[in-house]
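All remarks here apply to the structure that follows.
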Amino acid sequence: MSSISKQIEQLREQLRRHEHLYYVLDAPEITDAEYDSMMRELKVLEDAHPELITEDSPTQRVGGKPREGFVKVRHSSPMLSLDNALNEAELRDFDRRVRGLLGDGEEFRYVAELKFDGLSLAVHYRDGKLAQALTRGDGTTGEDVTENARTIRSIPLRTGAAEVRGEVVFTKKAFEKLNEDRAAEGLPVFANPRNAAAGSLRVLDPAITASRRLEYFAYVLMPLPATQTETLRQLQEMGFRVGTQWHSCSDIEALVAFCKEWEEKRDSLPYEIDGVVCKVDSVTQQQRLGWTAKAPRWAIAYKFPPRQEETVIESIEVQVGRTGVLTPVAHLRPVSISGVMVSRATLHNEDEIERLGVRIGDTVLVERAGDVIPKIVRVVRQGEHRHPVEMPKQCPVCGGEIVRAEGEAASRCINVNCPARLKESILHWAARGVMDIDGMGEALVDQLVDRGLVKNVADVYRLKFDDLVNLERMGEKSAEKLLANIARSRNAPLPRILNGLGISFVGERTALLLAGTFGDLDKIASSTEDELQQADEVGPKVAHSIHKFFAEPHNHKLIDALRCEGFRFTHEIKKREGGPLAGLTFVLTGTLPNLSRDDAKQRIEAAGGKVPASLSKKTNYVVAGEEAGSKLDKARELGVAVIDEARLLEMIGGVAG
Ligand code: IVH
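Here you go:
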């Protein structure tokens, strides 16, 4: 093997290991930036040696070309579904049937697994490499979504399996974020994480699947091991993610206990489950029990009660959020959905109201899913005296102008001083994970704004003891505590301040990346949209929103006021962790066409790379210019990659000059 192909293979191995640590074990050993830079390094090498690119290279996940449609492919064996047990009695019936069929007294065990609420996907491997991925389709024939499946990090691109089946799911958090973004962009929202997973897997452009971060939980392995327990163990060993909460049960009592346990605990999981799948463990016994035309006799799905109920929309209120977006919220006739009273549901925006065709007075189906805000699924019956929702022409809070920008689904109140926006922005500023001002809740913020004590976030820092003690539900002690908490928040680091400002599309993570890239709020404020995109994960949409925020004179004033209050707007740029060359070492040799040696060194270091004086096996790249000397020979000897100035600049992501 040539030294380049060796280096490529090593990088691939490392990337695979880190992907597994991150996506399957949830235990990353390196930062995202280090991972990205390793990936970039591999890409650079593969670009230079396209003949060495293989289908199972981690670079090939990022999404191939969009396709024109999905090809239908027959499954190796039908993907049948399972019979359901809707309650404990039906689960016990299943156990009786199994015992009856196996014969009295025969020993056997069950395996109980979580029933992931997603869509099933069969993944085929040929010669150890991922060859094809098929959705369930009608059970006999599925759709070929191979390119999309490749982008799912918890599906290994290489394994010793012939075929693996499992479930593609969307995490609750990613689901909420996706819907928020879609609502803000005027796209229809997904009803639940399962629909979002299906919608993301069945898109023609794999880049979209890649951007949505789906998860895959595997539960079937072919060739079949001797038991289901062994299946799960081997899948895990091969690098698949299996639900860690499966349990081997010696009898029906243990099975019932597991089902009840997870019915209680389902909300604690980051993804949705809709039941527990109970399987006879031994494959020999499974085969003796056999199949009906529809489903195996050796397994059953214990389904949790649905978390959907019907109720009536009594009214629809339009709320104003901190970015001025008007959000219609349905007030429902209170209804208990699996033990939780639900009386409100979000409708996201006007388009969503139209899509659902809801009117006040209609009976609707409401779904509650974990910590996801209750949603209206569809209209069940139109109300006799139904009437349409009137979106206000003026802001319901300040009476200010409402604008619906072309191409946007959201209508906004454009008055930056609107009290509703102000209350929301103060609550966001004070929130946990932002400024962490304990004690600054809704009731307090309402009073502060209504009494005119706080007209912007900076005013919070001018509050005096006397202002506070006179408020409702505020004693001397709590006033003192609150003041101390407010004072403490002056030390908040730049990423939190950036997040706190409530710039559209700038949440915790983007704020961190921006602070790490620019190191200074003033730099961010004075950057062009192009410059802003130097930060990781900042695209045109986010850059535009940041730029617009800082162009607003009102926001300038706010920042000056915060500065006067003692906030510090600088942040240490973590070169090692943040830059595109993080974790990489470079040795320079010869004369480069544009950059002086010092220049080159400075740029590499600014991008997070290291420039040691001498060449060793640990060096990642030798940057060679004209008349490169003995270092070049040594590089070849050690198998270190040799690049030129142009490639170096490409890796840094900048141009000479
Ligand atoms: S086993 C022939 N295990 O639920 C048995 N299925 O209602 C194959 N599902 O079609 C299925 N989690 O899409 C199995 N741990 C799990 C599962 C699971 C979710 C889905 C699967 C299946 C459906 C049956």
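Heads up: the sequence shown begins at -4 in the working numbering, then just goes up one per residue. For every residue, glycine included, the Cβ atom is placed at its ideal position computed from N, Cα and C.
(request) Give every residue of the same chain whose Cβ lies closer than 8 Å to the Cβ of residue 406, excluding the five residues on either side of it in the sequence, and list them in chain order. (result) 320, 321, 344, 345, 386, 397, 398 and 399
(request) Along the alpha helix (DSSP H) that carries residue 219, what are the first and last residues, could you check? (result) Counting along the chain, residue 219 falls outside any alpha helix (DSSP H), and DSSP gives it neither H nor E.
(message) Across the region 348 to 356 and the region 369 to 387, are there enough close Cβ pairs to call them in contact, namely three or more that are closer than 8 Å?
(response) yes
(request) Would you kindly work out how many angstroms separate the C-alpha atoms of residue 250 and residue 244, rounded to a whole number? (result) 6 Å
(message) Does the distance between the C-beta of residue 291 and the nearest non-hydrogen atom of the ligand IVH fall short of 6 Å?
(response) yes
(request) Please go through the same chain and pick out, in chain order, the residues whose beta-carbon is closer than 8 Å to the beta-carbon of residue 596, but skip the five residues on each side of it. (result) 583 and 606
(request) Starting from the C-beta of residue 413, find all residues in its chain whose C-beta is less than 7 Å away, skip the five residues before and the five after it, and write them out in chain order. (result) 315, 319, 390, 392, 393 and 395
(message) What does DSSP give as the partner residue(s) for residue 254 in the beta ladder?
(response) Beta-bridge pairing links residue 254 to no other residue.
(request) Kindly indicate which residue of 175, 505, 71 and 209 has the alpha-carbon position closest to the one of residue 114. (result) 209
(message) With a threshold of 7 Å on Cβ separation, who are the neighbours of residue 38 within its own chain once the five nearest residues in sequence on each side are excluded?
(response) 54
(message) When you measure from the CB of residue 116 to every non-hydrogen atom of the ligand IVH, does any distance come out below 6 Å?
(response) no
(request) Consult DSSP for residue 329 and reduce its assignment to one of helix, strand or coil. (result) strand
(message) So, does the region 235 to 243 touch the region 99 to 119, judging by three or more C-beta pairs under 8 Å?
(response) yes
(message) Please give the ranges of any alpha helix (DSSP H) in the region 412 to 497, keeping only runs that are unbroken, at least 4 residues long and fully inside the region.
(response) 414 to 425, 437 to 445, 460 to 464, 471 to 483 and 489 to 495
(request) Identify the continuous alpha helix (DSSP H) that holds residue 189 and give its terminal residues. (result) 188 to 196
(request) Note down, one range per segment and in chain order, each alpha helix (DSSP H) of at least 4 residues found wholly within the region 104 to 185. (result) 141 to 144 and 167 to 180
(message) If you follow the beta strand (DSSP E) that residue 314 is in, where does it begin and where does it stop?
(response) 303 to 315
(message) Using C-beta distances below 8 Å, list every residue in its chain close to residue 658, excluding the 5 sequence neighbours before and after it, in chain order.
(response) Missing from the structure shown is residue 658; the chain here goes from -4 to 652 and no further.
(request) Could you tell me the distance, in whole angstroms, from the CA atom of residue 423 to the CA atom of residue 215? (result) 45 Å
(message) Is the beta carbon of residue 328 closer than 7 Å to that of residue 309?
(response) yes
(request) Determine the direct distance from the alpha carbon of residue 551 to that of residue 146, and round the result to whole angstroms. (result) 42 Å
(message) Just to confirm my understanding: we take residue 219, look at its own chain, exclude 5 residues before and 5 after, and list those with CB closer than 6 Å. What are they?
(response) 278
(request) Kindly indicate the opening and closing residues of the alpha helix (DSSP H) around residue 512. (result) 503 to 513
(message) Suppose only complete runs of 3+ residues qualify. What are the beta strand (DSSP E) ranges in the region 329 to 377, listed by chain order?
(response) 335 to 341, 358 to 364 and 367 to 376
(request) Between the Cα of residue 311 and those of 334, 383, 65 and 268, spot the shortest distance and give me the residue it belongs to. (result) 383
(message) Any heavy atom of the ligand IVH inside 6 Å of the beta-carbon of residue 209?
(response) no
(request) Leaving out five residues on either side along the sequence, give the residues of the same chain with a beta carbon under 6 Å from the beta carbon of residue 637. (result) 617, 619 and 630
(message) For the beta strand (DSSP E) containing residue 517, name the first residue and the last one.
(response) No beta strand (DSSP E) contains residue 517, which is instead part of the alpha helix (DSSP H) from 516 to 521.
(request) Please work out which residues of its chain come closer than 6 Å, Cβ to Cβ, to residue 360, disregarding the five sequence neighbours upstream and downstream, and give them in chain order. (result) 303, 305, 372, 373 and 375
(request) Taking residue 196 and residue 140 to be in contact with their CB atoms under 8 Å, please state how far apart those CB atoms are, rounded to whole angstroms. (result) 6 Å
(request) Return yes when the Cβ of residue 566 is within less than 7 Å of the Cβ of residue 520, no when it is not. (result) no
(request) Whole angstroms is fine: what's the gap from residue 98's alpha carbon to residue 296's? (result) 23 Å
(message) According to DSSP, simplified to helix, strand and coil, what is residue 321?
(response) strand
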